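Colleague: Numbering (the numbering used here), first residue to last: 34 to 335. Even for Gly, the Cβ is constructed at its ideal location relative to N, Cα and C. Remember, it's a predicted structure, so these values are computed and weren't measured experimentally.
1) Pick from 80, 275, 256 and 95: whose alpha carbon is nearest that of residue 424?
2) Residue 194 to residue 219, Cα distance in whole Å?
3) Excluding the five sequence neighbours on either side, which residues of its own chain have a C-beta within less than 6 Å of the C-beta of residue 88, listed in chain order?
4) Suppose contacts are defined by Cβ-Cβ distances below 8 Å. Is residue 274 in contact with residue 101 by that definition?
5) Could you tell me whether the Cβ atoms of residue 86 and residue 54 are closer together than 8 Å?
6) Per DSSP, which one or two residues make a beta bridge with residue 119?
7) Quick one: Cα of residue 160 to Cα of residue 107, how far?
8) Are residue 97 and residue 248 closer than 8 Å when you measure CB to CB?
9) Grab the span of the beta strand (DSSP E) containing residue 52 for me, first residue to last.
10) Assuming the contact rule is C-beta atoms closer than 8 Å, residue 291 and residue 270 should be a hit. Round their C-beta distance to whole Å, please.
11) Out of 47, 192, 43 and 41, state which residue places its alpha-carbon closest to the alpha-carbon of residue 326.
12) In chain order, what are the residue ranges of uninterrupted beta strand (DSSP E) at least 3 long that sit wholly in the stretch 151 to 209?
13) Does residue 231 pass the burial test, meaning 16 or more other C-beta atoms within 10 Å, or should it be called exposed?
14) Considering Cα atoms alone, identify which of 316, 182, 276 and 216 is closest to residue 302.
15) Could you tell me which of 284, 136 and 157 sits nearest to residue 130, measuring between CA atoms?
16) Out of 268, 221, 121 and 181, which one is the CA nearest neighbour of residue 256?
17) Nearest to residue 132 by CA position, among 121, 153, 123 and 119, is which residue?
18) Please specify which runs of the alpha helix (DSSP H), each continuous and at least 4 residues long, are wholly inside the stretch 246 to 322, giving them in chain order.
19) Examine the Cβ distances between the stretch 304 to 314 and the stretch 65 to 75 and report whether three or more of them are shorter than 8 Å.
20) Specify, as a first and last residue, the run of the beta strand (DSSP E) that residue 39 falls within.
21) Report yes if the C-beta distance between residue 284 and residue 204 is below 8 Å; otherwise report no.
22) DSSP puts residue 231 in a beta bridge; with which residues?
23) Is the Cβ-Cβ distance between residue 187 and residue 213 less than 8 Å?
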């Protein structure tokens, strides 16, 4: 049985990638299981300088999911290069550096610094563009195409993944914009904007007021968006959003994903990744699937 997948010339031992922001740089999870068991790791979102993140409280539970407004807390790209990258590369899994910024120059500088040092780059364009009044880079097709093109010029050796926000008018249009800008692959969906209330105090639970909704509750919406994006572009698609079981993985691949990212489930269950891997293999056996690639884009419509 083959679980190996290839995206943009990068080989993953299986299609399971730890999603950015839910796995840190992998050190804590490596105490629980070998990271070589999973296909890859998308790092905590990196910025040019160290960020302390948003004020607390910044996590809230919701039905079948969670909200977060952590605010990209991270040590900065230089400290990542000095203290974490060599260790990560020795773990036997694909290393994807997720990068974020407030202006185009942030993204371009980090792409240039990381090019050739990691296996892939993932562009987090859900960040507010301070030069455009705080509107996220990933809202409009024009800005997606522009930021992708600028960053791609610095990616001479490393494939570029553009991570799409779901809080937009049209996922297909935005997916096409990333492709036009030169993206080698796209990943989706990032979190949905939500709000949680403490009724006794009549206040938001999260200090930032709103946060990103993730977890099992968003899976049907994420599946739909991945299907729409996969039908809009010719580049590889990496799906995510509420994946919690091995069968979830195969469902996302059925609608067109070549691989998947697993996020919130790692927080609910620290052993989620190896469990989901076992469940995926068991589901493949039940369904008579000998090669996981054979199920990609096999959704049959009525």
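Modeller: Quick answer:
1) Residue 424 is absent from the structure shown; the chain starts at 34 and stops at 335.
2) 5 Å
3) 240
4) no
5) No, the Cβ-Cβ distance between residue 86 and residue 54 is not below 8 Å.
6) Note: residue 119 sits in no beta bridge, so no partner.
7) Roughly 15 Å separates the two Cα atoms.
8) For residue 97 and residue 248, yes; Cβs fall inside 8 Å.
9) No beta strand (DSSP E) holds residue 52; DSSP gives it neither H nor E.
10) 6 Å
11) 47
12) 153 to 157 and 193 to 196
13) exposed
14) 276
15) 157
16) 221
17) 153
18) 252 to 263, 279 to 287, 297 to 301 and 305 to 320
19) Under the three-pair Cβ rule at 8 Å, the stretch 304 to 314 counts as touching the stretch 65 to 75.
20) Where residue 39 is concerned, the enclosing beta strand (DSSP E) starts and stops at 38 to 40.
21) no
22) Bridge partners of residue 231: 236.
23) no
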